[in-house]
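K.L.:
Okay, handing you the structure first.
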Amino acid sequence: MTAMTLQPHYRTVWISDVHLGTRGCQADLLLDFLNEVTADTYYLVGDIIDGWRLKKSWYWPESHHAVITTIMDKAKNGAKVIFVPGNHDEFAREFVDMTFGHVDVKMNDIHETADGKRLLVIHGDEFDGVVKYARWLAYLGDTAYNLAIALNRYYNGIRRRLGYGYWSLSAYLKNRVKNAVQFICNFENAVAHEAAKRKVDGVVCGHIHHAEKRMIGDVLYCNDGDWVESCTALVEDKDGKLELLHWAEMRQMAMSHSSPGRDAASTPSLGLGKLISMFRIAHGTDNSASGASKKRSDAPIGKTA
Numbered sequence: 001m002t003a004m005t006l007q008p009h010y011r012t013v014w015i016s017d018v019h020l021g022t023r024g025c026q027a028d029l030l031l032d033f034l035n036e037v038t039a040d041t042y043y044l045v046g047d048i049i050d051g052w053r054l055k056k057s058w059y060w061p062e063s064h065h066a067v068i069t070t071i072m073d074k075a076k077n078g079a080k081v082i083f084v085p086g087n088h089d090e091f092a093r094e095f096v097d098m099t100f101g102h103v104d105v106k107m108n109d110i111h112e113t114a115d116g117k118r119l120l121v122i123h124g125d126e127f128d129g130v131v132k133y134a135r136w137l138a139y140l141g142d143t144a145y146n147l148a149i150a151l152n153r154y155y156n157g158i159r160r161r162l163g164y165g166y167w168s169l170s171a172y173l174k175n176r177v178k179n180a181v182q183f184i185c186n187f188e189n190a191v192a193h194e195a196a197k198r199k200v201d202g203v204v205c206g207h208i209h210h211a212e213k214r215m216i217g218d219v220l221y222c223n224d225g226d227w228v229e230s231c232t233a234l235v236e237d238k239d240g241k242l243e244l245l246h247w248a249e250m251r252q253m254a255m256s257h258s259s260p261g262r263d264a265a266s267t268p269s270l271g272l273g274k275l276i277s278m279f280r281i282a283h284g285t286d287n288s289a290s291g292a293s294k295k296r297s298d299a300p301i302g303k304t305a
């Protein structure tokens, strides 16, 4: 047993936008997360497998297969696993309301937290005007995005050789492009508006690869991020408290506190609970994706991209 296995057990874990079948997928980090974190319920909130990319060229290394088998083993051993397909793995939408290998496939779901909040769980592509109304443009954007991810991969390869941790160049660029920032804002408002229409307390989604947890009007908006750029997951503890875990940053922090002489592949010497506390202190946050997450949005709800 390693120190990192001394972790809190979560009531619920949400992950999305893994994009298995692409070279940009951070499968090793996700496997690390799945091996270190346990939960009663796992939500796979879409784009777990990238069918769009696999149609163009086959790429399926052992680490990608291991992600699937690890999740299936969790379901087989008693964890509840719910798969909400996204646009990149839309082939699975033909099997909605069916169960495969102890995994339930649903178009969306309503999750009730331990403290009684009702959360709508959806992937979110239905609120992306590009995907919904101009599919060819979405494919074009997907190609450009994969180019950015390829550059990101080479960039981080250089960083590793220089002894630095993972850093998402593509996420950095996206967050500084005005149109992308406006798209994210519009998407978040549209999703929150849908949650308000359904009279639920909040929403958990993915799709835009932008981890966030904040209030939009009276709706708690949560985006669990992705495992291509940010390597994030949303978790719920036994009391219903929700938190975003930034796994790549947490792992790097653990490595920086490893015993002298250990290499990057060595097991860190910190327990996960202590590591989470250190991460909160380092980032000046408490149960939020960023300092800005605490702020209540005054933006009008209902705009679409």
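If you're matching positions, the sequence shown starts at 1 in full-length UniProt numbering and goes up one per residue.
Every residue, glycine too, gets a C-beta built ideally from N, C-alpha and C.
#1: The alpha helix (DSSP H) that contains T69, what's its start and end?
#2: How would you label L162, buried or exposed, when you count the other beta carbons within 10 angstroms and need 16 or more for buried?
#3: Note down, in chain order, each residue of its chain lying with its Cβ closer than 7 Å to the Cβ of S63, except the 5 sequence neighbours on either side.
#4: What are the boundary residues of the beta strand (DSSP E) that includes A27?
#5: When you compare only the Cα positions, how much space is there between H193 and N108?
#6: Taking the alpha helix (DSSP H) that residue 308 belongs to, which residues open and close that run?
#7: List the endpoints of the continuous beta strand (DSSP E) containing D109.
#8: Assuming A75 and G101 are in contact, meaning their beta carbons sit under 8 Å apart, how far apart are those beta carbons, in whole angstroms?
#9: Opposite D104 in the DSSP bridges: which residues?
#10: In angstroms with no decimal places, state the Cα-to-Cα distance between C25 and V18.
#11: Does the Cβ-Cβ distance between H207 and D125 come in under 7 Å?
#12: Quick one: what does DSSP say G202 is sitting in, helix, strand or coil?
#13: Quick check on DSSP: helix, strand or coil for V191?
#14: Opposite H246 in the DSSP bridges: which residues?
#15: At the level of alpha carbons, what is the spacing between Q16 and H123?
#16: Could you tell me which of M250, V67, C185, T12 sits nearest to Q35, measuring between CA atoms?
#17: Just to confirm, are R11 and A79 a CB contact at a threshold of 7 Å?
#18: Compare the beta carbon distance of V103 and A92 with 7 Å and say whether it is the shorter of the two.
#19: Could you check if T232 is buried or exposed, using at least 16 other CB atoms within 10 Å of its CB as the buried criterion?
#20: Taking the continuous beta strand (DSSP E) assigned at T41, which residues delimit it?
#21: Can you name the residues that DSSP bridges to M215?
#22: Taking the alpha carbon of N87 as the point to measure from, which residue in D50, A211, S57 has its own alpha carbon closest?
#23: Which two residues bound the contiguous beta strand (DSSP E) that contains L119?
#24: When DSSP builds the beta bridges, which residues end up paired with Y10?
#25: Return the CA-CA distance between V200 and Y154, expressed in angstroms with no decimal places.
#26: Kindly identify the DSSP beta-bridge partner or partners of L151.
#27: Give me the Cα-Cα distance between R159 and R23, rounded to the nearest whole angstrom.
P.N.:
In terms of the structure at hand:
#1: Looking up residue 69 in the sequence shown gives position 69. From DSSP, the alpha helix (DSSP H) with T69 extends over 62 to 76.
#2: Your numbering for residue 162 matches position 162 in the sequence shown. With fewer than 16 Cβ atoms within 10 Å of its Cβ, L162 is classed as exposed.
#3: Translated into positions along the sequence shown, residue 63 becomes position 63. Excluding sequence neighbours, S63 sits near A27, D28, L31.
#4: The sequence position of residue 27 within the sequence shown is 27, counting from 1. No beta strand (DSSP E) holds A27; the alpha helix (DSSP H) holding it covers 27 to 36.
#5: Stepping through the sequence shown from its first residue, residue 193 is reached at position 193. Stepping through the sequence shown from its first residue, residue 108 is reached at position 108. Roughly 16 Å separates the two Cα atoms.
#6: Look at the range of the chain in this structure, 1 to 305, and you will see that residue 308 is not part of it.
#7: As a position in the sequence shown, residue 109 is number 109, starting the count at 1. Run containing D109: 109 to 112, per the beta strand (DSSP E) assignment.
#8: Numbered from 1 along the sequence shown, position 75 holds the residue referred to as residue 75. Numbered from 1 along the sequence shown, position 101 holds the residue referred to as residue 101. About 6 Å; that satisfies the 8 Å criterion.
#9: Residue mapping note: residue 104 aligns to position 104 of the sequence shown, counting from 1. Per DSSP, I82, T99.
#10: The residue labelled residue 25 in the question sits at position 25 within the sequence shown. The residue labelled residue 18 in the question sits at position 18 within the sequence shown. Distance between the alpha carbons of C25 and V18: 6 Å.
#11: In the sequence shown, residue 207 corresponds to position 207, counting from 1. In the sequence shown, residue 125 corresponds to position 125, counting from 1. Going by C-beta atoms, H207 is nearer than 7 Å to D125.
#12: Against the sequence shown, residue 202 aligns to sequence position 202. Of the three classes helix, strand and coil, the one that applies to G202 here is strand, per DSSP.
#13: Here residue 191 corresponds to residue number 191 of the sequence shown, with the count starting at 1. If DSSP states are grouped into helix, strand and coil, V191 belongs with the helices.
#14: The residue given as residue 246 occupies position 246 in the sequence shown. H246 pairs with T232.
#15: Walking along the sequence shown from the start, residue 16 turns up at place 16. Walking along the sequence shown from the start, residue 123 turns up at place 123. Here residue 16 turns out to be Ser, not Gln, going by the sequence shown. Computed Cα separation, rounded: 8 Å.
#16: Here residue 35 is taken as the residue at index 35 of the sequence shown, counted from 1. It is Asn, not Gln, that sits at residue 35 in the sequence shown. Minimum Cα distance to N35 is reached at V67.
#17: Counting from 1 along the sequence shown, the entry for residue 11 is found at position 11. Counting from 1 along the sequence shown, the entry for residue 79 is found at position 79. Contact: no.
#18: Start at 1 with the first residue of the sequence shown, and residue 103 comes out as number 103. Start at 1 with the first residue of the sequence shown, and residue 92 comes out as number 92. Cβ atoms of V103 and A92: not closer than 7 Å.
#19: Here residue 232 refers to the residue found at position 232 of the sequence shown. Label assigned to T232: buried.
#20: Translated into positions along the sequence shown, residue 41 becomes position 41. Start and end: 39 to 44.
#21: The residue you call residue 215 lines up with position 215 of the sequence shown. BP columns for M215 point to L220.
#22: The count along the sequence shown starts at 1 and reaches residue 87 at position 87. Here the closest residue by C-alpha is D50.
#23: On the sequence shown, residue 119 is found 119 positions in, with the first residue counted as 1. Its beta strand (DSSP E) spans residues 118 to 121.
#24: The sequence position of residue 10 within the sequence shown is 10, counting from 1. Answer is A39.
#25: Looking up residue 200 in the sequence shown gives position 200. Looking up residue 154 in the sequence shown gives position 154. Their backbone Cα atoms lie some 43 Å apart in a straight line.
#26: Numbered from 1 along the sequence shown, position 151 holds the residue referred to as residue 151. Bridge partners of L151: none, in fact.
#27: Taking the first residue of the sequence shown as 1, we reach residue 159 at position 159. Taking the first residue of the sequence shown as 1, we reach residue 23 at position 23. Between R159 and R23, the C-alpha separation is close to 17 Å.
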